[in-house]
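The block underneath contains the structure these notes are about, expressed in structure tokens.
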Amino acid sequence: MAIAETFYRDLGVKGNEVFVSDGAQCDISRLQAYIDCGVIVGRAGNFQEKTGTYDNIVYMKCGPENNFFPDLSTTSRTDIIFFCSPNNPTGYAASRQQLQQLVDFAKANGSMIIYDSAYAAYVTDDSPRSIFEIPGAKEVAIEISSFSKFAGFTGVRLGWTVVPEELLYSNGFPVMKDYNRIVCTCFNGASSVAQAGGLACLSKEGYRALTTVVDYYMGNAEILFDAFSSLGLKAYGGKNAPYVWVHFPGMSSWDVFNEILEKTHIVTIPGRGFGPGGEGYVRVSGFGHRERILEASMRLKNLYK
Amino acid sequence: MSVMQQLSSPISSSSSAFLSHSNFNSRSKNVWVPAKRIGICKCVAVPQEAQTAYTTKVSRNANMAKLQAGYLFPEIARRRAAHLLKYPDAQLISLGIGDTTEPIPEVITSAMAKRAHELSTLEGYSGYGDEQGEKALRAAICSTFYSGLTVDQDDIFVSDGAKCDISRLQVLFGANVTMAVQDPSYPAYVDSSVIMGQTGQFQKDVQKFQRIEYMKCTPENGFFPDLSSVPRTDIIFFCSPNNPTGAAATREQLTQLVKFAKHNGSIIVYDSAYAMYTSKDNPHSIYEIPGAKEVAIETSSFSKYAGFTGVRLGWTVVPKILLFSDGFPVAKDFNRIVCTSFNGASNIAQAGGLACLSPEGLKAMDDVVGFYKENTNIIMETFDSLGFKVYGGNAPYVWVHFPGRNSWDVFSEILEKTHVVTTPGSGFGPAGDGFIRVSAFGHRKNVLEACKRFKQLYK
Numbered sequence: 001m002a003i004a005e006t007f008y009r010d011l012g013v014k015g016n017e018v019f020v021s022d023g024a025q026c027d028i029s030r031l032q033a034y035i036d037c038g039v040i041v042g043r044a045g046n047f048q049e050k051t052g053t054y055d056n057i058v059y060m061k062c063g064p065e066n067n068f069f070p071d072l073s074t075t076s077r078t079d080i081i082f083f084c085s086p087n088n089p090t091g092y093a094a095s096r097q098q099l100q101q102l103v104d105f106a107k108a109n110g111s112m113i114i115y116d117s118a119y120a121a122y123v124t125d126d127s128p129r130s131i132f133e134i135p136g137a138k139e140v141a142i143e144i145s146s147f148s149k150f151a152g153f154t155g156v157r158l159g160w161t162v163v164p165e166e167l168l169y170s171n172g173f174p175v176m177k178d179y180n181r182i183v184c185t186c187f188n189g190a191s192s193v194a195q196a197g198g199l200a201c202l203s204k205e206g207y208r209a210l211t212t213v214v215d216y217y218m219g220n221a222e223i224l225f226d227a228f229s230s231l232g233l234k235a236y237g238g239k240n241a242p243y244v245w246v247h248f249p250g251m252s253s254w255d256v257f258n259e260i261l262e263k264t265h266i267v268t269i270p271g272r273g274f275g276p277g278g279e280g281y282v283r284v285s286g287f288g289h290r291e292r293i294l295e296a297s298m299r300l301k302n303l304y305k
Numbered sequence: 306m307s308v309m310q311q312l313s314s315p316i317s318s319s320s321s322a323f324l325s326h327s328n329f330n331s332r333s334k335n336v337w338v339p340a341k342r343i344g345i346c347k348c349v350a351v352p353q354e355a356q357t358a359y360t361t362k363v364s365r366n367a368n369m370a371k372l373q374a375g376y377l378f379p380e381i382a383r384r385r386a387a388h389l390l391k392y393p394d395a396q397l398i399s400l401g402i403g404d405t406t407e408p409i410p411e412v413i414t415s416a417m418a419k420r421a422h423e424l425s426t427l428e429g430y431s432g433y434g435d436e437q438g439e440k441a442l443r444a445a446i447c448s449t450f451y452s453g454l455t456v457d458q459d460d461i462f463v464s465d466g467a468k469c470d471i472s473r474l475q476v477l478f479g480a481n482v483t484m485a486v487q488d489p490s491y492p493a494y495v496d497s498s499v500i501m502g503q504t505g506q507f508q509k510d511v512q513k514f515q516r517i518e519y520m521k522c523t524p525e526n527g528f529f530p531d532l533s534s535v536p537r538t539d540i541i542f543f544c545s546p547n548n549p550t551g552a553a554a555t556r557e558q559l560t561q562l563v564k565f566a567k568h569n570g571s572i573i574v575y576d577s578a579y580a581m582y583t584s585k586d587n588p589h590s591i592y593e594i595p596g597a598k599e600v601a602i603e604t605s606s607f608s609k610y611a612g613f614t615g616v617r618l619g620w621t622v623v624p625k626i627l628l629f630s631d632g633f634p635v636a637k638d639f640n641r642i643v644c645t646s647f648n649g650a651s652n653i654a655q656a657g658g659l660a661c662l663s664p665e666g667l668k669a670m671d672d673v674v675g676f677y678k679e680n681t682n683i684i685m686e687t688f689d690s691l692g693f694k695v696y697g698g699n700a701p702y703v704w705v706h707f708p709g710r711n712s713w714d715v716f717s718e719i720l721e722k723t724h725v726v727t728t729p730g731s732g733f734g735p736a737g738d739g740f741i742r743v744s745a746f747g748h749r750k751n752v753l754e755a756c757k758r759f760k761q762l763y764k
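As you go down the protein sequences, you meet chains A and B in turn.
Sequential numbering of the first sequence, starting at 1, is according to this note's numbering.
Sequential numbering of the second sequence, starting at 306, is according to this note's numbering.
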């Protein structure tokens, strides 16, 4: 109930459409898709070494050239579309128009969107925080989210998924009914202790305290963003998510990762780890103590000056 | 139009009526649909939502459609709720769902509270933990439950419960394995198998899913299957002490089981969630049996020892020497599942688990288990004194025989006449029909009161 009221007020999401869980990562596998889970469940086909892709998965390229939003006119129809915004790893938050396009695309194709809004609390402009802000979304989308990055609950384990009543399979059967069956059979609920924490997060005092923490991480992201920009590198993200996505054109992201690690003792994540479209990028995360972030910023400036 | 007037009345069973089978609750509305022949109107019932509702083009997972109804325990809960509506003043006693009722010992909850508060400090805060569980807890589980059994702490994967682990194991095995279960058995084994696509359709006449091997466990065979008549399956789910029958397999029986698995190249998934409820003479872990490490996975839980049914903490042991047919270690794949589809048990629950395994915690859990065991004895004695054939005693469940009777009927009769919720045996499999499971979780006074009512009903 508190989740519906706090995050989905005025969007017509009801309490019974919210399924509390032990985290978005676990819900994804309960929804049984995303790349690794899709592979595990046996739908992804074979992995092609050359392209670094699985046969049966459609990869929608997101880069600066298309404003980090896929060109839907050239995207083939699939049953399920996974979409994360604000995005991990690029940090980009889709605009209202873009999400409307996505919903329309799903509607035209009879597809289902699984919208990962785990970083919604990090949005600073008026980019949508929920897919359900888009008209028509309730008939095509499931939304997953998490207390992890919002409340520091990465170890406590708490998240939720919204499955609207209006979301129906091709035969008219409500997706929610099957999801409920999965949740009752393969799961036994999130820890009662974690849920008590969740409730406190959504109290007035709790929510206010958490926005301070979110701002803190975003301050970190800004420092890192500025550090890379000042070196003449093209940096993205950092405005609506605590990730900075740095472009190293023509370089292998693993090589950049290694160089940064070797020379500055800073661990980043090579973009290639997120898919072939991540090649040439490195993801730098804004989670950290401020002093460490400032130290990292200084080392990076020394490395590339 | 007179035709329209006729059609606006509720659907009748006339031969011209066509009722579409719907799987969900919807109000049917009569719709006039012109048929191909002129002058004839076919009356078609169309679920109200489907008339105007948009549907995606995504096919429903056919495996979900194979499931017959809701999971057993939510169904019991529904009936319980309906009963309360009917008798709002009834002093309902729940001996149905096997849910613990006694408070968690203080030594354990204060550890959880302490950990929670530490999360608000810089030094004490922790984020993502090892998906396999905190090292200290894995070590404590190993030394508490597997001491002397050559199980290593890194064979142990801490989880948010055995029920969840069962489904993760099913994902690990995939759709193309065959499985065997005890009949009757805990519904999660069969239901998760159906969901994974390992089974065929449900056959109503025998109340079984195709392609699952149901190993009958009845009083006649001492609740241990006749393995000589069991065909080979890839996976064998075995729960001992058993839910729902309360029977505990002996060392000899488990030795047979391990031999059987070895001979057939099968993997046993051994559910030992109730181990602490049986006497020290009966095996508590499958790994007490020589050779088990090459054929068995063991799953267990803090739920019924520490009252953690809501806190959510359990573990699964996957020995390093358990190998797939191509030599690949099962533990490596399970680890991949745990890292990809899961993110570890809650750090707060794990702190509670560690406290459970401290000397004080173990003593406290022993007391709680002892309490429920006493409840079990009281219930068993009651039904025994009423002339019923009663089984169980090694788990907090009493398995009462009502020969020749439909177990849902007995469930309803008991609920209606004594306001006591039990669980019908057929909910656990066809060989459960004719039996009722009475769970021994409850406040002592409720258990005594329930027994008093049973005596009145069946004297």
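We treat Cβ as the ideally placed atom computed from N, Cα and C, and that holds for glycine.
Between Y376(B) and D496(B), the C-beta gap is smaller than 9 angstroms, which places the two residues in contact.
Not flagged as an interface residue toward chain A: I684(B), since no C-beta distance is shorter than 9 angstroms. Interface flag for L532(B) against chain A is unset, since no Cβ pair is found closer than 9 angstroms.
Each residue's CA atom was taken as its position, placing T555(B) and A370(B) some 38 angstroms apart. Assignment of alpha helix (DSSP H) within the region 589-654 of chain B, counting only whole runs of 4 or more residues, yields 608-611, 635-645 in chain order.
A direct Cα-Cα distance of roughly 31 angstroms separates G91(A) from R473(B). Distance from the CA of L720(B) to the CA of D576(B), rounded to the nearest whole angstrom, comes to 30 angstroms. Flagged as an interface residue toward chain A: V476(B), by a C-beta distance shorter than 9 angstroms. Under the three-pair Cβ rule at 8 angstroms, the region 472-487 of chain B counts as touching the region 528-545 of chain B.
Nearest to Y179(A) by alpha-carbon distance, out of E262(A), A235(A), S29(A), T53(A), is S29(A). Among the CB atoms of chain A, none fall inside 9 angstroms of the CB of G734(B).
For A358(B), the secondary structure class from DSSP, reduced to helix, strand or coil, is coil. The C-alpha of V214(A) is placed about 10 angstroms away from the C-alpha of F287(A).
In terms of beta-carbon proximity, L167(A) lines the interface with chain B, with at least one pair separated by less than 9 angstroms.
For C544(B), the enclosing beta strand (DSSP E) starts and ends at 540-544. A residue is called buried when at least 16 other Cβ atoms come within 10 angstroms of its Cβ; E679(B) does not meet this threshold and is exposed. In this model, D126(A) and P489(B) are separated by some 56 angstroms (Cα to Cα). When CB distances to chain B are screened at a threshold of 9 angstroms, the residues of the region 98-122 of chain A falling below it are A106, K107, N109, G110, S111, M112, in chain order. Below the 8 angstroms Cβ cutoff, chain B contributes V476, T645, S646, F647 as neighbours of S29(A), in chain order. By the CB criterion at 9 angstroms, D404(B) and G619(B) fall outside the cutoff.
Shortest Cα-Cα distance from E205(A) to any of A151(A), K263(A), N302(A) involves A151(A).
Against chain A, the CB of T550(B) has no partner CB under 9 angstroms away; the residue lies outside that interface.
Interface residue (Cβ-Cβ distance to chain B less than 9 angstroms): R129(A) is not classified as such. Between the region 275-292 of chain A and the region 233-248 of chain A, the count of Cβ pairs shorter than 8 angstroms is three or higher; the stretches touch. G527(B) counts as exposed, since fewer than 16 other beta carbons sit within 10 angstroms of its beta carbon.
Neighbours of G198(A) in chain B, taken as residues at a C-beta separation under 7 angstroms, are lacking, since the least C-beta distance is about 11 angstroms. At a cut-off of 9 angstroms, the C-beta of I471(B) has a neighbouring C-beta in chain A. At a Cβ-Cβ threshold of 9 angstroms, G747(B) and G737(B) do not count as neighbours. Membership of Y243(A) in the beta strand (DSSP E) is indicated by the continuous run 243-247. C-alpha of Y696(B) to C-alpha of R742(B): approximately 10 angstroms in a straight line. If you draw a straight line from the Cα of V476(B) to the Cα of A227(A), it is about 44 angstroms long.
Against chain B, the beta carbon of Q25(A) has neighbours under 9 angstroms at T645, S646, F647, N648, listed in chain order. Here S21(A) is bridged, per DSSP, to G159(A).
E411(B) places its beta carbon 9 angstroms or farther from that of V673(B).
Within 9 angstroms of the CB of S145(A), no CB atom of chain B is found; the nearest one sits about 14 angstroms away. The beta carbons of F173(A) and G159(A) sit about 25 angstroms from each other, so the pair does not count as a contact at 8 angstroms.
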